[in-house]
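Quick notes on the structure that follows.
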Amino acid sequence: MMMFTVLDLSFNEIRVIPDLSHLTQLQELYVANNKLTHITGIAALSTLKKLDLGANRIRVIEGLDNLYDLEQLWLGKNKITQIQGLEALAKLKIISVQSNRLVSIENLDANTNLQEVYLSHNGIAAIQNISHLSKLLILDLGANRIPRIPDMASLQSLEDLWLNDNQVATFDDLVHLTSTTSLQTLYLERNPLASYVCFDVADMFSHIAYISYCHAFKGKVVVY
Numbered sequence: 082m083m084m085f086t087v088l089d090l091s092f093n094e095i096r097v098i099p100d101l102s103h104l105t106q107l108q109e110l111y112v113a114n115n116k117l118t119h120i121t122g123i124a125a126l127s128t129l130k131k132l133d134l135g136a137n138r139i140r141v142i143e144g145l146d147n148l149y150d151l152e153q154l155w156l157g158k159n160k161i162t163q164i165q166g167l168e169a170l171a172k173l174k175i176i177s178v179q180s181n182r183l184v185s186i187e188n189l190d191a192n193t194n195l196q197e198v199y200l201s202h203n204g205i206a207a208i209q210n211i212s213h214l215s216k217l218l219i220l221d222l223g224a225n226r227i228p229r230i231p232d233m234a235s236l237q238s239l240e241d242l243w244l245n246d247n248q249v250a251t252f253d254d255l256v257h258l259t260s261t262t263s264l265q266t267l268y269l270e271r272n273p274l275a276s277y278v279c280f281d282v283a284d285m286f287s288h289i290a291y292i293s294y295c296h297a298f299k300g301k302v303v304v305y
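In my numbering, the protein residues as written are 82 to 305.
Written out as structure tokens, the structure reads:
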């Protein structure tokens with residue numbers, strides 16, 4: 082049996098993942114920048130901790146049911162329309178489905194250990210179905226179609242929130258973030274509200290170290 086723990090097959094023209102069942106100790110698999118259309122051939126890789134299938138042609142998240150130890154799943158730059166097939170991944174800490182075709186956040190009920198979620202550059206229209214992710218540290222929803230910011234009080238571990246390039250139009254929505262006391266970095270640039278005259282929100286967000294919005298708020302570092 083082969084004792085490889087890391088295998089990188091990226092930047093080839095692979096259309097189907099070859100049989101890797103003999104790699105019984107594999108922990109990291111990289112098959113990014115290929116021509117995959119389906120997730121197959123990895124069911125036997127029960128020791129896998131990191132899987133990178135970014136920049137392929139995958140439409141459906143599937144074939145992950147036996148990857149009980151998986152901690153990182155990278156699926157950016159595919160053609161995925163729905164988050165699904167993650168029910169068995171209770172140890173998952175990081176998921177990236179950036180630059181796909183998502184329109185909603187869903188089916189993360191079993192993934193309560195998630196710490197980093199990257200869903201930028203999709204068509205997501207609402208922040209929902211994440212209130213149970215109490216361990217979440219980073220949430221990237223930049224470049225979507227989100228018009229409102231809901232109450233995020235349950236996300237008490239959240240440190241970085243990316244909401245740039247969305248459709249948030251009113252400062253009233255920012256009030257919902259004041260209860261997220263662990264928040265350290267907030268990105269809001271290129272939302273409709275960024276075209277308004279800035280006013281002093283330093284008291285509202287006194288706990289945030291970095292706000293990217295429009296002007297400097299009482300010494301806070303702010304960039305365009």
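Glycine is no exception: its CB is placed at the ideal position from the N, C-alpha and C atoms. Computed from a predicted structure; not experimentally measured.
Simplified DSSP assignment, three categories, for residue i
i      : result
Val256 : helix
Leu220 : strand
Leu154 : strand
Val304 : Because Val304 carries a pLDDT of 36, less than 50, the predicted location of this residue cannot be relied on, and the following value inherits that uncertainty. Reduced to three states, the DSSP call for Val304 is coil.
Leu132 : strand
Leu274 : helix
Asp100 : coil
Asp190 : coil
Thr261 : coil
Ile208 : coil
Ile176 : strand
Tyr111 : strand
Val141 : coil
Glu197 : strand
Asp232 : coil
Tyr149 : coil
Thr121 : coil
Asp241 : strand
Val249 : coil
Leu88  : strand
Leu267 : strand
Exposure label - residue i; buried when at least 16 CB within 10 Å
i      : result
Ala136 : buried
Gly223 : buried
Ala113 : buried
Val97  : exposed
Gln209 : exposed
Asp133 : buried
Val256 : exposed
Gln179 : buried
Ser263 : exposed
Ser127 : exposed
Ser177 : buried
Nonlocal neighbours in the same chain, by C-beta distance under 8 Å from residue i, ignoring five residues either side
i      : result
Glu94  : Asn115 and Lys116
Lys40  : Here the chain covers residues 82 to 305 and nothing more, so residue 40 does not appear.
Ala183 : Note that residue 183 corresponds to Leu in the displayed sequence, not to Ala. Ile161, Thr162, Gln163, Ile164, Leu200, Asn203, Gly204 and Ile205, listed in sequence order.
Ile211 : Ile186, Leu189, Val198, Leu217, Leu220 and Leu236
Pro273 : Gln248, Val249 and Ala250
Ile139 : Leu117, Thr118, His119, Ile120, Leu156, Asn159, Lys160 and Ile161
Asp232 : His257 and Ser260
Arg229 : Ala207, Ile208, Val249 and Asp254
Leu101 : Leu88, Leu107, Leu110, Gly122, Ile123, Ala125 and Leu126
Ala191 : Leu167, Glu168, Ala169, Leu170 and Ala171
Beta-carbon separation (whole angstroms), residue i vs residue j, contact threshold 8 Å
i      : j      : result
Asp221 : Leu239 : Not confirmed; about 11 Å, so no contact.
Asn159 : Leu173 : Incorrect: roughly 17 Å between the Cβ atoms, too far for contact.
Asn147 : Ala124 : 5 Å
Tyr111 : Leu90  : 7 Å
Cβ-based neighbour list, residue i, same chain, cut-off 6 Å, excluding 5 preceding and 5 following
i      : result
Ala234 : Ser260
Glu143 : Ile120 and Gly166
Val87  : Glu109
Cβ neighbours of residue i in the same chain (closer than 7 Å, five flanking residues each side left out)
i      : result
Arg271 : Asn245 and Asp246
Phe252 : Leu274
Pro99  : Gly122
is_contact[residue i, chain B] using C-beta, thresh 8 Å
i      : result
Asp190 : Going by chain labels, chain B is absent from the structure shown, which holds only one protein chain.
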